[in-house]
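Each residue of the first sequence is one higher than the one before, starting from 25 at the first, in the working numbering. Just so you know, even glycine gets a beta-carbon here, dropped at the ideal spot from N, CA and C. Please read these numbers as outputs of a predicted model, since none were measured by experiment.
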Amino acid sequence: MKIEAIKGMSDVLPPESENWQTVEQLAREVFRTYDFQEIRTPIVEPTELFVRSVGETTDVVQKEMYTFKDRKGLSLTLRPEGTASVVRAYIQASLSSKDPIAKLYYFGPMYRYEQPQKGRKREFYQIGVELLGAETPLADAEVLMLLEQLFLKVGVTDTNLEINSLGCKNCRPDYIKAIQKFLKGKLNKFCDDCQKRSQKNPLRILDCKKEGCRKLTEDIPLVSDFWCVECHQHFREVRGLLLAGHVKFKENPRIVRGLDYYCRTTFEVLSDRLGAQNAVAAGGRYDGLVKDLGGPDVPGVGFAIGMERLMMLVSTNPEPRTPNPKPLIYFALLGSEAQQKAMSVIQELRAKGQSVGCAYGGSLKSQMRRADKLNASHVVILGENEVVKGIAIVKEMETGNQKEVLLGRLVEELS
RNA sequence: GUGGCUAUAGUGUAAUGGUCAGCACAAGAGGUUGUGGUCCUCUUUGUACGGGUUCGAAUCCCGUUAGCCACCCCA
25 MKIEAIKGMS DVLPPESENW QTVEQLAREV FRTYDFQEIR TPIVEPTELF VRSVGETTDV
85 VQKEMYTFKD RKGLSLTLRP EGTASVVRAY IQASLSSKDP IAKLYYFGPM YRYEQPQKGR
145 KREFYQIGVE LLGAETPLAD AEVLMLLEQL FLKVGVTDTN LEINSLGCKN CRPDYIKAIQ
205 KFLKGKLNKF CDDCQKRSQK NPLRILDCKK EGCRKLTEDI PLVSDFWCVE CHQHFREVRG
265 LLLAGHVKFK ENPRIVRGLD YYCRTTFEVL SDRLGAQNAV AAGGRYDGLV KDLGGPDVPG
325 VGFAIGMERL MMLVSTNPEP RTPNPKPLIY FALLGSEAQQ KAMSVIQELR AKGQSVGCAY
385 GGSLKSQMRR ADKLNASHVV ILGENEVVKG IAIVKEMETG NQKEVLLGRL VEELS
């Protein structure tokens, strides 16, 4: 009976894990240049947090959360997204009273109980950014500029940024009413899903993929016609700033987000190399959220990048085979006496930062074969003969040259 | 939650219902005293799981699980 990872969850093995590290490192570098700082929050939170932030009627809350009771009967949930936790932490630590602006980023796993498919796992990693405390369009623009920079930095250049504004508390209700009015009388012509959407979240009808529904909504009223003066102004300024910052984007009045807390600016980064789940990053503004969760009335804007999806775009770049040897020194050891003699040398080299491997047994031939497989730059051969003479043989693998070195001089020779 | 496709060593793949499930790569051990890559020899590892049909099942049927793809939805 084999034990395997559960459905929708997978291991990131070497050498792929190295690629993850590289991307994460580049991301951290970008965050630093934008003066964002890392926040780490628990993976498990009270269920209530997500119900209240993401929204009771959303699919994420209704059917996708990993929710369970702890030993005292408290309802806990594995976080399905990052923003709620960050906002919770922001409120809990009273960050707003220490600094009116908080610029935070995170990196970690999220959990959603969904049917896995291309680019979608039940456990998936996100890189996220939250900028709290700034209502100005400049904040939206800065976050989007950061996002673009990050993609450029990791070498992904064939994605498209699409933006929209969902309006705010004041003007969105009018828009929803308009949609419902538009649907009246012809709802039965829409697909089953859209009929359900008209009740639950009428905005979603806008991004139905079915051709029939698409046709029917060709002349549906657009949000832009319902923006209040402030939303209009806000969105115009965001666009202006993006243009000034040379960020390429497309306006898409049909972008609708599935999480309730979004308002005003929303955006998605799309790729046609990802299959049906074509968004590699998405986000937007969430001005009422902090207050809704019991904090001060602080605005916010942020995004999350799907790490697995990003890696799909990154790793398809052809990587050149590098035959260059690694700076790895491999110790071929024959006999227990040789092993003993090698210990202090190995320890010293590693302490100096040198990467060192050693054979755990086998013939010299197999040890050499292994050194070659590991792509070691040098092999130190230490057998019974060498121990007697108080020396070791140092072989440079690329040239095949080798020389005898006194044991006492080994560290010096190799570092 | 729904639908379609799939499941044979670590990986990629063969095998009309009928010998011991074959091949390649990978991995490991050797190739006259203790020296890597090429080459040669040998070795390890497999029909996802559970039922059924049959004289006989990798092969046909049912169920389960997992993977892939899509819907819903989302990063």
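May I ask you to report which of helix, strand or coil DSSP gives Ala-51?
helix
If I measure Cβ to Cβ from Cys-192 and keep anything under 8 Å in the same chain, skipping five residues before and after, which residues do I get?
Cys-252, Glu-254, Cys-255, Cys-287, Arg-288, Asp-311
Checking the sheet assignment: what are the DSSP bridge partners for Leu-437?
Per the sequence shown, residue 437 should be read as Glu rather than Leu. In the DSSP output, where bridge partners are listed per residue, Glu-437 has none listed.
What does DSSP give as the partner residue(s) for Lys-127 in the beta ladder?
Leu-155
For Thr-160, report the span of its alpha helix (DSSP H) as first-last.
Thr-160 -> no alpha helix (DSSP H), and no H or E assigned at all.
Given a cut-off of 9 Å on the beta-carbon distance, is the pair Leu-1 and Val-435 in contact?
Coverage of the chain is limited to positions 25 through 439, which leaves residue 1 absent and any answer about it impossible.
Leaving out the 5 sequence neighbours to the left and right, which residues in its chain are closer than 8 Å to Ile-370 when beta-carbon positions are compared?
Phe-355, Val-380, Cys-382
Cys-252 by DSSP, collapsed to three states: which one?
coil
Based on the DSSP output, what are the partners of Met-392 in its beta bridges?
Beta-bridge pairing links Met-392 to no other residue.
So Ala-163 and Val-36 are in contact, right, with Cβ under 8 Å, and what is the actual spacing, rounded?
About 33 Å; that fails the 8 Å criterion.
Quick one: is His-258 buried, meaning 16 or more other Cβ sit within 10 Å of its Cβ, or exposed?
buried
Identify every residue that forms a DSSP beta bridge with Arg-309.
Cys-287, Val-325
In angstroms with no decimal places, state the Cα-to-Cα distance between Ile-329 and Asn-194.
29 Å
With the cut-off set at 9 Å, would you say Glu-410 and Ala-375 are in Cβ contact?
no
Hey, how far is the Cα of Pro-419 from the Cα of Glu-437?
Before going further, note that residue 419 is Lys rather than Pro in the sequence given. The alpha-carbon atoms of Lys-419 and Glu-437 are separated by roughly 12 Å.
Buried versus exposed, by CB contacts within 10 Å (16 or more), Glu-242
exposed
Use the C-beta contact count for Glu-343: other C-beta atoms within 10 angstroms, 16 or more gives buried, fewer gives exposed.
Note that Glu-343 scores a pLDDT of 46, beneath 50, so its modelled location is shaky and nothing firm can be said.
Short check: CB of Leu-190 to CB of Gly-308, under 9 Å?
yes
Taking three-plus beta-carbon pairs below 8 Å as touching, is the segment 181-189 in contact with the segment 136-152?
no
Is the number of C-beta pairs between the segment 276-283 and the segment 68-85 that are closer than 8 Å three or more?
yes
Would you kindly check if the distance between the Cβ of Asn-225 and the Cβ of Ser-57 is under 9 Å?
What sits at residue 57 in the sequence shown is Thr, not Ser. For Thr-57 and Asn-225, no; Cβs fall outside 9 Å.
Just the Cα atoms here: how many angstroms apart are Met-421 and Ser-439?
16 Å
Check Lys-419 in the structure and name its three-state DSSP category.
strand
Neighbourhood of Met-89 by C-beta, 6 Å cutoff - its chain only, sequence neighbours within 5 removed:
Thr-101, Pro-104
For Asn-409, report the span of its alpha helix (DSSP H) as first-last.
408-413
Secondary structure of Gln-61, DSSP reduced to three states
strand
Expected contact under 8 Å - CB spacing of Val-271 and Glu-154 to nearest Å
Not a contact, Cβ separation roughly 19 Å.
State the Cα-Cα distance for the pair Ala-395 and Val-403, rounded to the nearest angstrom.
7 Å
Out of Asp-296, Gly-179, Arg-136, Leu-267, which has the shortest C-alpha to C-alpha gap to Asn-43?
Gly-179
Can you give me the C-alpha to C-alpha distance between Tyr-149 and Val-85, rounded to a whole angstrom?
19 Å
DSSP puts His-258 in a beta bridge; with which residues?
BP columns for His-258 are empty, so no partner.
Among Glu-292, Lys-205, Arg-260, Gly-209, nearest to Asp-231 - alpha-carbon criterion
Glu-292
Backbone CA spacing between Gly-157 and Ser-120 [nearest angstrom]
8 Å
Rounding to the nearest angstrom, what Cα-Cα distance links Lys-122 and Ala-165 in this structure?
24 Å
So, are the CB atoms of Ile-415 and Leu-388 less than 9 Å apart?
no
Closest to Leu-357 by CA distance: which of Leu-398, Glu-408, Lys-315 is it?
Glu-408
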